[in-house]
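Reading through the structure tokens given below for one structure.
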């Protein structure tokens, strides 16, 4: 389950990845979550939620700051539900479930919000936190990659990589027409995965991958003009541009950081269609 540690002072909650720069931030991307959804204040162990958008505690909508008690159920938006755990009470639980535990870790001294699931072991969650420290205040769950394959491209090889991906190979030798899309997507996902610079925060990885996204955008734009009189390549890049746009829109992380690029890709698709229709119309006019 997802675990949010409630550090001292103010922690902001919302779905704006850029808002996490330089401050404590919980990123939640669920239904009804605003960019600046609420704040959580931890002053000497007293934890308070300050709502700015829809927040429910134990099923009741709150509109004023409310103090959290151990075991309370907090729902951000419509369905992002967490249970609040007071560390002092959790220590008593640990004495029951982990009688031969080691000296408590620094993580167990902080209150936590634990994502509600049907089956979880609270003692196990606390015991594992000290073994897997996180350098990211947003969400360690986002580091989990479920793709069957990822592709690592060193920074110094990026130019050659993009040139190879976007080269116009003879169409009759290309057996998998969406190869550019999948190659680029596996590379983007690698750069956001836990395999890429494991000591770097996820937010920093997002910032680092933005230049590659814009280079892909620029290369597609140039490729369209280069192929505007070749129907076969126009159809080839129309398919790949459409698929890249689809992947970006539906990726849990890339969708939030590529909104401008998605707009560009939409216009590129329209331009590709325009060029392709012109060629087909010219062919029909010759008949």
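Residue numbers (UniProt numbering): 1 to 287. Cβ coordinates follow ideal geometry from the N, Cα and C atoms, glycine included. Keep in mind the model is a prediction, meaning the values are calculated, not measured.
In or out: residue i buried (at least 16 other Cβ within 10 Å) or exposed?
i           : result
residue 199 : exposed
residue 175 : exposed
residue 22  : exposed
residue 197 : exposed
residue 270 : exposed
residue 5   : buried
residue 38  : buried
residue 31  : exposed
residue 258 : buried
Rounded to the nearest angstrom, what separates residue i and residue j at their Cα positions?
i           : j           : result
residue 149 : residue 285 : 47 angstroms
residue 79  : residue 207 : 29 angstroms
residue 158 : residue 219 : 12 angstroms
residue 53  : residue 77  : 8 angstroms
residue 190 : residue 268 : 26 angstroms
residue 248 : residue 113 : 30 angstroms
residue 264 : residue 243 : 14 angstroms
residue 19  : residue 178 : 35 angstroms
residue 83  : residue 71  : 6 angstroms
residue 29  : residue 15  : 5 angstroms
residue 229 : residue 276 : 8 angstroms
residue 66  : residue 50  : 7 angstroms
Taking Cβ positions, are residue i and residue j nearer each other than 8 angstroms?
i           : j           : result
residue 184 : residue 216 : yes
residue 68  : residue 48  : yes
residue 187 : residue 153 : yes
residue 34  : residue 12  : no
residue 221 : residue 17  : no
Let me check one thing: in DSSP terms, what residues is residue i bridge-paired to?
i           : result
residue 201 : Note: residue 201 sits in no beta bridge, so no partner.
residue 151 : Partner(s): none; residue 151 has no beta bridge.
residue 60  : 57
residue 83  : 73 and 114
By the three-class DSSP mapping on this structure, what secondary structure does residue i have?
i           : result
residue 6   : coil
residue 283 : helix
residue 47  : strand
residue 178 : coil
residue 15  : coil
residue 38  : strand
residue 267 : helix
residue 27  : strand
residue 277 : helix
residue 66  : strand
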